[in-house]
Amino acid sequence: MDVALQTIERTPRTLKRTLTAYVSLTKPRVVELLLVVTAPTMLLAERGMPSLWLILATLVGGSLSAGSAGAFNCYLDRDIDRLMKRTKNRPLVTGELSDREALIFAWALGTASILWLGLLTNWLAAALSFGAIVLYVVFYTIILKRRTPQNIVWGGVAGCMPVLIGWAAVTGDLSWPPVILFMIIFLWTPPHYWPLSMKYRSDYLAAGVPMLAVVRGRAQVGLQVILYAWATVACSLLLIPIADMGVLYTCVALVTGGWFIYETHRLYSLAIRHEHVSPMRVFHGSIAYLTLLFVAVGVDPLLPF
Numbered sequence: 102m103d104v105a106l107q108t109i110e111r112t113p114r115t116l117k118r119t120l121t122a123y124v125s126l127t128k129p130r131v132v133e134l135l136l137v138v139t140a141p142t143m144l145l146a147e148r149g150m151p152s153l154w155l156i157l158a159t160l161v162g163g164s165l166s167a168g169s170a171g172a173f174n175c176y177l178d179r180d181i182d183r184l185m186k187r188t189k190n191r192p193l194v195t196g197e198l199s200d201r202e203a204l205i206f207a208w209a210l211g212t213a214s215i216l217w218l219g220l221l222t223n224w225l226a227a228a229l230s231f232g233a234i235v236l237y238v239v240f241y242t243i244i245l246k247r248r249t250p251q252n253i254v255w256g257g258v259a260g261c262m263p264v265l266i267g268w269a270a271v272t273g274d275l276s277w278p279p280v281i282l283f284m285i286i287f288l289w290t291p292p293h294y295w296p297l298s299m300k301y302r303s304d305y306l307a308a309g310v311p312m313l314a315v316v317r318g319r320a321q322v323g324l325q326v327i328l329y330a331w332a333t334v335a336c337s338l339l340l341i342p343i344a345d346m347g348v349l350y351t352c353v354a355l356v357t358g359g360w361f362i363y364e365t366h367r368l369y370s371l372a373i374r375h376e377h378v379s380p381m382r383v384f385h386g387s388i389a390y391l392t393l394l395f396v397a398v399g400v401d402p403l404l405p406f
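In this text, residue positions in the sequence shown follow our numbering: the first is 102, and each later residue adds one.
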């Protein structure tokens, strides 16, 4: 029996440890990133500052939705999580929580997110929240993840939904600007996640998950990362005429986009020369890029120019 599991079995479970384990199920870092794109989208939809209550209600509902999807994912992937060093400390692997507890928690969060958004924002946002959970749990985790190296491409659709939810919460409908924001995140997801799969290639190989880095060489992965990075930046520039973006967003999109593309080219260059690569540099850089871009999305409508 694993030493960590033996330790947990010998140690009485405290309230703090239990709460920490439940929070871990929600994948809080993912939730944090999703909130980063939701709030700026709401400012753009309003062309100013929506009511703070609406922002708070939407962010809470979005957090519940993302947390539910994360908890379902931890439950469904608990078998392969046991085989991967990166996920060996998740609460269902260590035994901190039981499978039943995790499943009840996932259903409770999902139900709460839909009712919360429906009653406090509108039912379009609630329906989109439900769709995001289904896409991540069924489309990505159950259908795609273990079957195709394109899993993160199409499975990433779920991660794009927060911008639609945020827009719908403000306007009650959808239009072209949120579609462009959706596509930015859709195209950004592969160059964000594939470098991570390069770093943890042995983990995914051991678990039998056909991430692109498992079935293709580093050079091929690097090339795909470049292509998607270029597409992401090009899509970000489409927002300028479609949403009538100003000087701030335009400058941020060009500067950070150029930096993002440079980092992906650097990764590819090192890979084809068979030198030591730092895929996590692109992974963390992609987070910084998306964060800065969406901060500009939110601040730009507040400026007089």
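For glycine and all other residues, C-beta sits at the position ideal for the given N, C-alpha and C. Owing to the predicted nature of the structure, the values given are computational and were not obtained by experimental measurement.
query: Cβ neighbours of R111 in the same chain (closer than 7 Å, five flanking residues each side left out); result: For R111, the predicted structure reports a pLDDT of 49, less than 50, and the residue's modelled location is therefore unreliable. A value from the coordinates is still provided. Around R111: no qualifying Cβ.
query: Segment limits, alpha helix (DSSP H) that includes E376; result: Per DSSP, E376 belongs to no alpha helix (DSSP H) and is neither H nor E.
query: Same chain only: Cβ atoms within 7 Å of G399, ignoring 5 sequence neighbours per side; result: A140, P141, L144, L145
query: Cβ shell of I286 (< 7 Å), same chain only, five flanking positions each side left out; result: V138, G260, C261, V264
query: Three-way DSSP call (helix, strand, coil) for K128 in this model; result: coil
query: Contact belief for L288 with V353 at Cβ below 8 Å, rounded distance in angstroms; result: Rounded, the Cβ-Cβ distance is 17 Å, inconsistent with contact.
query: Complete alpha helix (DSSP H) runs within the region 147-233 (minimum length 4 residues, chain order); result: 153-177, 179-182, 192-195, 200-221
query: Burial state of S166, where buried means 16 or more other Cβ atoms lie within 10 Å; result: buried
query: Exposure label - I373; buried when at least 16 CB within 10 Å; result: exposed
query: Top-ranked residue by Cα proximity to G136, from P402, P405, V396, F406; result: First, the amino acid is wrong: residue 136 is Leu here, not Gly. Closest option to L136, Cα to Cα, is V396.
query: Test: L220 CB closer than 7 Å to a CB of chain C; result: The structure shown contains no chain C, having only a single protein chain.
query: Through-space distance from T242 to M299, alpha-carbon basis; result: 20 Å
query: 6 Å Cβ shell around W295 - same chain, five flanking residues per side excluded; result: L313, V322, V326
query: A124 to S164 span [Cα, whole Å]; result: Here residue 124 is Val; the residue named in the question, Ala, does not match the sequence. Distance between the alpha carbons of V124 and S164: 11 Å.
query: Range covered by the alpha helix (DSSP H) that runs through V239; result: That residue, V239, is in no alpha helix (DSSP H); it is neither H nor E in DSSP.
query: Neighbourhood of L422 by C-beta, 7 Å cutoff - its chain only, sequence neighbours within 5 removed; result: Outside the displayed span of the chain (102 to 406) sits residue 422, for which this structure offers no information.
query: Environment of S414 [buried if 16+ CB atoms lie within 10 Å]; result: Residue 414 is absent from the model: the chain starts at 102 and stops at 406.
query: Bounding residues of the alpha helix (DSSP H) (the contiguous stretch that carries R114); result: Here R114 belongs to no alpha helix (DSSP H), and DSSP marks it neither H nor E.
query: Under the three-state DSSP convention, the category G359 falls into; result: helix
query: Spatial neighbours of D304 in its chain, beta-carbon cut-off 6 Å, leaving aside the 5 residues before and after; result: M185, K186, R187
query: Alpha-carbon to alpha-carbon, A170 and P129; result: 11 Å
query: Rounded straight-line distance, which links the Cα of A233 to that of M346; result: 27 Å
query: Rounded separation between L245 and H293 - CA only; result: 18 Å
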